[in-house]
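Undergrad:
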Amino acid sequence: MNRDRMPPLALVLTLVGAAAMVAPLVWTVLLSLKSNAELLQDTGAAFRGPYTLENYGAILKGDMVFRWLLNSLIVSLGTTAGVLALSSLAGFAFARLDFPFRRTLFVFVLLGLAIPEQAVILPQHRLFAWLGLHNSYPGLILPGLVGSFGVFFMTQYFRGLPRDLDEAAALDGASTFQIFARVLLPLTVPAQATLGVFTFLGSWNAYWWPLISATTSDRFTLTVGLASAQANYAQTNGLGYLMAQAVFASLPILIVYVLFQRQIVNAIGGAVK
Amino acid sequence: MNSLELINVRKAYGKTPVLDDISLALEPREFVAFLGPSGSGKSTLLRIIAGLETADAGEVRLDGRRIDQLPPGDRGVAMVFQHYALYPHMTVRGNMAFGLKNAHVPPAEIAARVAEAARILEIEAHLDKRPGQLSGGQRQRVAIGRAIVKHPRLFLLDEPLSNLDAALRMRTRLELADLRQRVDAAFVMVTHDQAEAMTLADRIVVMNDRRIQQVGAPMEIYLRPANSFVARFVGSPAMNLLPVEPVANGALVRVRLGDGAEVETRVALNGFGGGTLELGLRPENVEVTAPGGGTTDAKVELVERLGERTLVYAKLRSGDEITGEDEGNSRVRVGDVVGLRIKGERAHLFDAQGVGHHAEAGA
Chain A
1 MNRDRMPPLA LVLTLVGAAA MVAPLVWTVL LSLKSNAELL QDTGAAFRGP
51 YTLENYGAIL KGDMVFRWLL NSLIVSLGTT AGVLALSSLA GFAFARLDFP
101 FRRTLFVFVL LGLAIPEQAV ILPQHRLFAW LGLHNSYPGL ILPGLVGSFG
151 VFFMTQYFRG LPRDLDEAAA LDGASTFQIF ARVLLPLTVP AQATLGVFTF
201 LGSWNAYWWP LISATTSDRF TLTVGLASAQ ANYAQTNGLG YLMAQAVFAS
251 LPILIVYVLF QRQIVNAIGG AVK
Chain B
1 MNSLELINVR KAYGKTPVLD DISLALEPRE FVAFLGPSGS GKSTLLRIIA
51 GLETADAGEV RLDGRRIDQL PPGDRGVAMV FQHYALYPHM TVRGNMAFGL
101 KNAHVPPAEI AARVAEAARI LEIEAHLDKR PGQLSGGQRQ RVAIGRAIVK
151 HPRLFLLDEP LSNLDAALRM RTRLELADLR QRVDAAFVMV THDQAEAMTL
201 ADRIVVMNDR RIQQVGAPME IYLRPANSFV ARFVGSPAMN LLPVEPVANG
251 ALVRVRLGDG AEVETRVALN GFGGGTLELG LRPENVEVTA PGGGTTDAKV
301 ELVERLGERT LVYAKLRSGD EITGEDEGNS RVRVGDVVGL RIKGERAHLF
351 DAQGVGHHAE AGA
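Protein chains in written order, with UniProt numbering: chain A, 1 to 273; chain B, 1 to 363.
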């Protein structure tokens, strides 16, 4: 969009919208910078000094937060890597290879987009119990790998690449896997970035499955761990400490967002178009 | 030994046949152009030779070796694609080296071959750029370079000049002509541009309607078209084809135009089974003169001034359209009635089956 030509009304509405989005974040940050004792008397104290870093100090001094952070990182990175690998392979196969029941299978993939997590959570839970995978990283990562969206997304992207390239590579003596890995895959980097960012964010923020699958606190992801800490807020740990945990948990997401801002905006822009 | 040999090649997409019993043999180092309109099957034939499509029946041989069951990379052919098909993420050097790496050519030799091709094509300065940083003409050279480095036995060119502007096309045409002198390989080019085919090819294969219509040297195709399709398709503007009636007269055919005028041809009478005939006349053999001063008269409908000559599109009294030629500074205008002097000794006749009959050799 051309910023110079933005109509004033649109600008005002955008600013109002942005303020509404940012306000809770600012409030959270301010709360996290107040002593718990002061907030116990009046939460409005967040809007006046003195501010302190004591809550962040408490987080860094121990507790399970770092463990949960590490768990979230392992699960999110593992899920992202797995989704990118599987979606690329499947997308190439659906877009370029000729195999029996290709169309039928693709319809099944598309149907997968319509099935909500809630519909399969019980059998999924039973399956993972039977496999003995609850309270393990594979137990947290594997369900995230079978998403239809990534396969669909990568199939469409591969379909958009000119077939001339495959043919030129075939004449250059490349095998089918070499055509995939050395000619086409490098051209899907923009799609990989978009899919990767979305998968990472989705996995980082995932709550329901980790809540059900991970029952020991050493396997909690950050979302589940923070939620478990919320149960005793205003009693021992206090509101300020809780907010500091929330800010702390959001930092990786903010970093990912800053690094991949362009891909995220492109992806959402593309989806809206 | 023949270089490329096609033996009874057939191909259909589902129930739609696209190639019908194609046979053709190329001399070593020969340059052959497949010329035909869209849908004539020429591109499919090229892709069958390359191995990008499989024929339903028939054989493809290169230097005596059967290649139609080999994967594309093992056939000893290299192809230049219409849209270049360069790998966008690789440098020019990487593009040219890719096939050689796959063939496990030693790195030192890869470097030498790439350097040699870059020198021939004058793209040495661009070796470390990516295709996106190059102009259309430069990309075309890289595509040609990628083919050269493989030292193929056969070059396949798929409309190689169609994406270039007029000036660049002319230059690249000359460069292709130069290239074929340097390399020890045969060439097959697919094109729908007859000027390209006429200037580059030793022989032209005119294709239409799934079949080869005629194979011959460029001037042979132009001067002795095998049938009315070739007559119409080759040459610009197209050959005039006028319905005529034969008038029996000695050993050579004399014909009567729709408006009653008669033309004495040098086509022998034997071989005609009667029936309708078409008289084929290149516009340069229909000379515009003063009214009443030629074989017949016609009314001018359109005048096209090309500088060194003028094309006059006119209508006979019978309603048949005819194109003639006048000198560059012709004064003919639309609506004028002009005379047309028809050079009967250069005329062709096409019988009811469309088969061409030409003036006796030396006539």
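In this text, a Cβ means the ideal position worked out from N, Cα and C, and glycines have one as well.
Computed from a predicted model, the values in this text were never measured in an experiment.
Can a CB atom of chain B be found closer than 8 angstroms to the CB of G173 of chain A?
TA: At a cut-off of 8 angstroms between beta-carbon atoms, G173 of chain A makes contact with chain B.
Undergrad: Which whole-angstrom value describes the C-beta separation of V312 of chain B and V288 of chain B, a residue pair presumed to lie in contact below a C-beta threshold of 8 angstroms?
TA: Going by Cβ atoms, the distance from V312 of chain B to V288 of chain B rounds to 5 angstroms, so yes, they are a contact pair.
Undergrad: Which two residues bound the contiguous alpha helix (DSSP H) that contains F31 of chain B?
TA: Per DSSP, F31 of chain B belongs to no alpha helix (DSSP H); it is in the beta strand (DSSP E), 31 to 35.
Undergrad: So, under 8 angstroms CB-CB, E278 of chain B and L241 of chain B are touching, yes? Tell me the CB distance rounded to an integer number of Å.
TA: 5 angstroms
Undergrad: Using only the alpha-carbon positions, how far apart do G235 of chain B and A197 of chain B sit?
TA: About 11 angstroms.
Undergrad: In chain A, which residues lie with their C-beta within 8 angstroms of the C-beta of Y87 of chain B?
TA: L165, A168, A169, V183
Undergrad: For the putative contact between T43 of chain A and V247 of chain A, defined by C-beta atoms under 8 angstroms, what is the C-beta separation to the nearest angstrom?
TA: Beta-carbon to beta-carbon, T43 of chain A and V247 of chain A are separated by about 16 angstroms, too far to satisfy the 8 angstroms threshold.
Undergrad: Using a Cβ cut-off of 9 angstroms, which residues of the stretch 184 to 203 of chain A contact any Cβ in chain B, in chain order?
TA: P186, L187, V189
Undergrad: List the residues that DSSP assigns as beta-bridge partners of N227 of chain B.
TA: B:V355
Undergrad: Between which two residues does the alpha helix (DSSP H) containing N208 of chain B stretch?
TA: N208 of chain B -> not in any alpha helix (DSSP H); beta strand (DSSP E) instead, spanning 203 to 208.
Undergrad: Give a yes or no on contact between the stretch 67 to 82 of chain B and the stretch 43 to 59 of chain B, applying the rule of three or more CB pairs nearer than 8 angstroms.
TA: yes
Undergrad: For Q178 of chain A and chain B, any beta-carbon pair shorter than 8 angstroms?
TA: yes
Undergrad: Would you please verify whether the beta carbon of G145 of chain B is less than 8 angstroms from any beta carbon of chain A?
TA: no
Undergrad: Determine the DSSP secondary structure at P283 of chain B, reduced to helix, strand or coil.
TA: helix
Undergrad: Taking only three categories from DSSP, how would you classify P252 of chain A?
TA: helix
Undergrad: Within 8 angstroms (strictly less), CB to CB, does L35 of chain B reach chain A?
TA: No, its Cβ sits nowhere closer than 8 angstroms to a Cβ of chain A.
Undergrad: In terms of residue numbering, what span does the beta strand (DSSP E) encompassing V188 of chain B cover?
TA: 186 to 191
Undergrad: Can you confirm whether F229 of chain B, when its beta carbon is compared against all beta carbons of chain A, has any partner nearer than 8 angstroms?
TA: no
Undergrad: In terms of alpha-carbon separation, which member of B:F31, B:A12, B:P131, B:L340 lies closest to L179 of chain B?
TA: B:F31
Undergrad: Taking CB distances under 8 angstroms as the criterion, tell me whether residue 369 of chain B reaches chain A.
TA: Nothing about residue 369 of chain B can be read from this structure; chain B reaches only from 1 to 363.
Undergrad: Using the Cβ count rule (16 or more neighbours within 10 Å means buried), how would you classify D25 of chain A?
TA: Here the sequence assigns Leu to residue 25 of chain A, which means Asp is not the residue at that position. Its Cβ having fewer than 16 others within 10 Å, L25 of chain A is exposed.
Undergrad: What is the rounded straight-line gap between the Cα of V18 of chain B and the Cα of T295 of chain B?
TA: 44 angstroms
Undergrad: Would the beta-carbon of S3 of chain B fall within 8 angstroms of that of L26 of chain B?
TA: yes
Undergrad: With a CB to CB cut of under 8 angstroms and the five nearest residues on each side skipped, what residues in its chain are close to N8 of chain B?
TA: D21, I22, S23, A57, G58, E59
Undergrad: If you draw a straight line from the C-alpha of D63 of chain B to the C-alpha of V142 of chain B, how long is it?
TA: 27 angstroms
Undergrad: Under 8 angstroms between C-beta atoms, does G99 of chain B make it to chain A?
TA: When Cβ-Cβ separations below 8 angstroms define contact, G99 of chain B makes contact with chain A.
Undergrad: Considering only the alpha carbon of each residue, which of A:A23, A:G49, A:V22 lies closest to S35 of chain A?
TA: Looking at the Cα atoms, A:G49 is the closest of the given residues.
Undergrad: Short check: CB of L154 of chain B to CB of A186 of chain B, under 8 angstroms?
TA: yes
Undergrad: Taking only the alpha-carbon atoms, compute the straight-line gap between I255 of chain A and L86 of chain B and give it to the nearest angstrom.
TA: Whole-angstrom Cα-Cα distance: 36 angstroms.
Undergrad: Taking V77 of chain B as the reference, give the member of B:M219, B:L100, B:Y13 with the closest Cα.
TA: B:L100
Undergrad: Going by the beta-carbon positions, is the gap between A174 of chain A and N102 of chain B smaller than 8 angstroms?
TA: yes
Undergrad: Report the rounded CA-to-CA distance for V244 of chain B versus M79 of chain B, giving the unit in angstroms.
TA: 46 angstroms
Undergrad: Quick check: the stretch 69 to 87 of chain A against the stretch 131 to 149 of chain A, are at least 3 beta-carbon pairs closer than 8 angstroms?
TA: yes
Undergrad: Report the three-state DSSP secondary structure of H348 of chain B (helix, strand or coil).
TA: strand
Undergrad: Can you name the start and end residues of the alpha helix (DSSP H) that R305 of chain B belongs to?
TA: It is not in any alpha helix (DSSP H) - R305 of chain B instead sits in the beta strand (DSSP E) that spans 296 to 305.
Undergrad: Alpha carbon to alpha carbon, what distance is there between E175 of chain B and A166 of chain B?
TA: Approximately 14 angstroms between the Cα atoms of the pair.
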